[in-house]
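Each position in the sequence shown, counted from 1, maps to that position plus 15 in the working numbering.
Positions of the beta carbon are idealized from the N, C-alpha and C atoms, including for glycine.
Since the structure is predicted, the reported quantities are computational estimates derived from the model, not experimental observations.
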Amino acid sequence: MRAADRARASGGARFDLPEVDAFTRPYWDAAAEGRLLIRHCAGCDRAHHYPREFCPHCWSEDVRWLPASGHATLYTWSVVHRNDLPPFGERVPYVAAVVDLAEGPRMMTEVVECEGDALRIGMGLEVTFRAGVPVFRPWSGAVPPPSSAVPSPSSVSKTTP
């Protein structure tokens, strides 16, 4: 039985929505408000993504949520032409991508508002949100360029615990 058939048989599960738990709730709540958060380690002053309760660089547990600039560059991508999992099959073709966030971490995502043949490694991207899920689109130039938009941890006065 195909994955899509299994999903329909089980009541129409969706595979593009996260399972939110107490730890990731701040991330998903912020995304629902149109804000991208990443984890930052006070021990080594490095950011990381995907969210973890410890720093993957120095193993410190002194990590917290900080707002990200929303700027990234395209690291790699693949145009997906077939996907049987709902609702991805309804969106094909779509661009699955890995982006380098301006703060340093890499993030798996989707690139929207851009045809696959227009994508280039290193192109500037900005975050946007689809149903509370961060996706990226080509940088519009409407905000400061990525290199000057990265907030330093000391300049961020309000963080999410």
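- In the three-state reduction of the DSSP assignment, G49 falls in the coil class, being assigned neither a helical nor a strand state.
- Contact between A62 and P102 is absent: CB atoms are separated by about 31 Å, not below the 8 Å threshold.
- Considering only A28, P66 and M122, the residue with the shortest C-alpha distance to P41 is P66.
- Counting C-beta pairs closer than 8 Å gives three or more between the region 39 to 57 and the region 72 to 88, which meets the contact rule.
- Where F144 is concerned, the enclosing beta strand (DSSP E) starts and stops at G139 to R145.
- Straight across, the Cα-Cα distance linking V142 with L116 is about 10 Å.
- Apart from sequence neighbours up to five positions away, the residues of its chain that approach V95 with a beta-carbon distance below 8 Å are F103, V107, P108, Y109, V110 and A111, ordered along the chain.
- G58 places its beta carbon less than 8 Å from that of C73.
- Assigned with DSSP and collapsed to three states, P108 falls in coil, not helix or strand.
- Spanning the alpha carbons of R145 and E130 requires a straight line of approximately 17 Å.
- Rounded to whole angstroms, the separation of the alpha carbons of A87 and G139 is 6 Å.
- Where E128 is concerned, there is no enclosing beta strand (DSSP E), because DSSP gives it neither an H nor an E.
- In the three-state DSSP reduction, R79 falls in the strand class (E or B).
- Non-local beta-carbon contacts of P149 in its own chain, meaning distances under 6 Å to residues more than five positions away in sequence, involve A46, L51 and V142 in chain order.
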